[in-house]
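Novice:
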Amino acid sequence: MRVAIVGGTGDFGLALAARLVEAGDEVVIGSRDAGRAQEKAREVGAAGGATNEDAVSAADIVVLATKADGTLDTAASLAGALGTTPVLCVASDLRSKESVSLAERTQELVQAPVVAGLHSLAAGKLAHGRPDEDAFVCGDDADAKALALELGAKVVAGRALDAGPLSRARVLEGLTAVIVSLNKRYKGHAGIRITGLP
Ligand SMILES: NC(=O)c1ccc[n+]([C@@H]2O[C@H](COP(=O)([O-])OP(=O)(O)OC[C@H]3O[C@@H](n4cnc5c(N)ncnc54)[C@H](OP(=O)(O)O)[C@@H]3O)[C@@H](O)[C@H]2O)c1
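Read in the numbering used here, the sequence shown has 689 at position 14, and its numbers run on one by one without any break.
(1) Using the DSSP secondary-structure output, state which residues sit across from ILE704 in a beta bridge.
(2) Taking the C-alpha atoms as reference points, what is the distance between VAL830 and LEU801?
(3) Exposed or buried, which one is ASP700 when buried takes at least 16 other CB atoms within 10 Å?
(4) Starting from the Cα of ALA716, find the closest Cα among ALA787, LEU747, ALA692 and give me that residue.
(5) Hey, ALA798 and ALA766: beta-carbon distance below 8 Å or not?
(6) Can you give the Cα-Cα distance for ARG845 and SER771, rounded to whole angstroms?
(7) Looking at C-alpha atoms only, which residue of HIS794, LEU784, ILE736, LYS859 is the closest neighbour of LEU753?
(8) Decide if HIS794 is buried, meaning its Cβ has at least 16 other Cβ atoms within 10 Å, or exposed.
(9) Helix, strand or coil: how does DSSP classify ILE867 here?
(10) Whole beta strand (DSSP E) runs in the stretch 727-804 with 3 or more residues, listed along the chain?
(11) When the Cα atoms are used, what is the spatial distance from ALA828 to GLY866?
(12) Is it the case that the CB of PHE687 approaches a heavy atom of ligand 1 more closely than 7 Å?
(13) If you drop the 5 nearest sequence neighbours on each side, which residues of the same chain put their C-beta closer than 6 Å to that of PHE811?
(14) Under 8 Å, do VAL731 and LEU763 count as touching if we go by C-beta distance?
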C-alpha cells in the first residue's frame with residue numbers, strides 16, 4: 676500500500692509511518708517543509724519525504740495527521756492534489772466546542788472520500804511497536820473505509836474495527852479527551868480493547 680502522511684513529521688504521523696514501514700508499506704512523509712520531511716523519512720526508513728502537496732500525488736491513501744488546528748486549512752489547500760484519493764483523518768481537537776466532527780468538516784472541503792480513525796492510539800506507544808489495542812475507523816465510503824481498516828490492522832496488535840458512518844467521528848474524536856483524563860487521573864497510558872465481538 677502506498678501511504679502519504681500529511682504532517683508526518685509530527686509525533687503521531689512519524690510513529691504511524693514507522694509501523695507501516697515495518698509492515699512493508701511504501702510511506703511518504705509530508706510536511707510544509709520538504710527538507711524536514713526528508714530528514715524524518717530517513718529516521719523511520721520511509722520511501723521518501725516531500726511537501727504535503729507532492730506527498731499525496733501518488734498515494735493509495737492519505738493520512739491527514741497535521742496538528743489538529745491545522746486540519747481544515749490543510750485539507751482545503753490540498754483538495755486539488757488529493758482528487759479522489761481516500762483520506763484518513765486522525766485529528767481530535769480537544770478544545771473543540773463544535774457539534775460536528777473535524778472529519779465531517781474535512782469532508783465538506785474535499786472531493787475525496789474522508790474516513791476517520793486511529794484516534795485512540797497514543798503516539799508515544801505507537802512509536803515503540805504495535806500497541807496491544809484495537810483501532811476504530813468510521814466512514815461513509817465503503818472502499819475508503821476498507822482501505823483504512825486494512826491500514827489500521829497493520830499498526831495494532833488488536834483489531835481494526837468498523838465503528839460505523841462518518842458521523843461516528845464525533846464520538847471517536849471525543850475519545851481522545853476521555854483517554855487524556857484517564858491518563859491524568861490514574862497516571863497511566865490508557866488504550867482500548869473491545870470485548871464480546873466474534
Ligand atoms: N499525539 C497523539 O498521541 C495522537 C493520537 C491520535 C491522534 N492524534 C492526532 O494526530 C494529529 C497529529 O498529532 P501530533 O501529536 O503528531 O501533532 P503535532 O506533532 O503537533 O503536529 C504534527 C505536524 O503538523 C504540522 N503542522 C503543525 N501546525 C500546522 C498547521 N497550522 N498547518 C499545517 N500543518 C501543521 C507539523 O508539520 P510540518 O511543520 O513539518 O508541516 C507537525 O509536525 C493531530 O490531529 C492529533 O489530534 C494524535
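Glycine included, C-beta positions come from ideal geometry on N, C-alpha and C.
Specialist: A quick look at the data gives this:
(1) Answer is ILE680, GLY724.
(2) Roughly 8 Å between the two C-alpha positions.
(3) Its Cβ being crowded by 16 or more others within 10 Å, ASP700 is buried.
(4) Residue ALA692 is the option with its Cα nearest to ALA716.
(5) No, the pair does not count as a contact, with Cβ atoms beyond the cut-off.
(6) Cα-Cα distance, rounded: 11 Å.
(7) Nearest to LEU753 by alpha-carbon distance, out of HIS794, LEU784, ILE736, LYS859, is LEU784.
(8) By the neighbour-count criterion, in which 16 or more other beta carbons inside 10 Å mark a residue as buried, HIS794 falls on the buried side.
(9) Here ILE867 sits in coil by DSSP.
(10) Listed in chain order, the complete beta strand (DSSP E) runs (minimum 3 residues) inside the stretch 727-804 are 736-739, 762-764, 789-792.
(11) Roughly 15 Å separates the two Cα atoms.
(12) For ligand 1, at least one heavy atom lies less than 7 Å from the Cβ of PHE687.
(13) The answer, listed in chain order, is GLY792, LEU836, ALA838, LEU847.
(14) No; because the gap between Cβ atoms is not below 8 Å, this pair is not in contact.
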